[in-house]
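K.L.:
Per full-length UniProt numbering, the sequence shown starts with residue 1, numbered consecutively.
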Amino acid sequence: MTHYTITELAREFDVTPRAIRFYEDQGLLAPSREGASGLKRVFSGRDRTRLKLTLRGKRLGFTLNEIRALLDLYESPTDTLPQLQAFLDTVVRHREILERQRADLDATLEDLAQYEAQARVLLEKNAAAANR
């Protein structure tokens, strides 16, 4: 069975050890402890997968509670209808949010392109007037 240190996971996923400890505190990760004092965290392949999915969920805008629920669904039997419905509801809600954000972003980019074009025209006019 493969094990990982907090440093290895932090390096692999480009996050700080502090972020990993935070996710542990939030119940998203459950490393075992080693050493005489029990302070050394040892992460399993399960923890690595949960961290990967947690970071993906954060990038998509999911809350930690939503991520936790999705992770629990990921590890539960997939034939439970209430769990599948909750998963579907969460995914649909976030897809709708992301689509609205994309539309807002597209509109903003279009506005910026127009402002940029107007500024370039004004600069060219000013440059031509200065050269006369």
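Here a beta-carbon is modelled for each residue, glycine too, at the ideal position from N, C-alpha and C.
I want to know whether the stretch 9-23 touches the stretch 41-52 - three or more CB-CB distances under 8 Å.
P.N.:
With the cut-off at 8 Å, the stretch 9-23 and the stretch 41-52 touch.
K.L.:
Where do the N-terminal and C-terminal ends of the beta strand (DSSP E) with Arg33 fall, by residue?
P.N.:
First-last of the beta strand (DSSP E) with Arg33: Ser32 to Glu34.
K.L.:
CA-CA distance, Val121 and Ala113?
P.N.:
C-alpha separation (whole angstroms): 12 Å.
K.L.:
With DSSP as the reference, identify every bridge partner of His3, one or two as the case may be.
P.N.:
In DSSP, His3 forms a bridge with Ser44.
K.L.:
DSSP on Asn131, reduced to helix/strand/coil?
P.N.:
In the structure shown, Asn131 sits in coil (DSSP, three-state: anything other than H, G, I, E or B).
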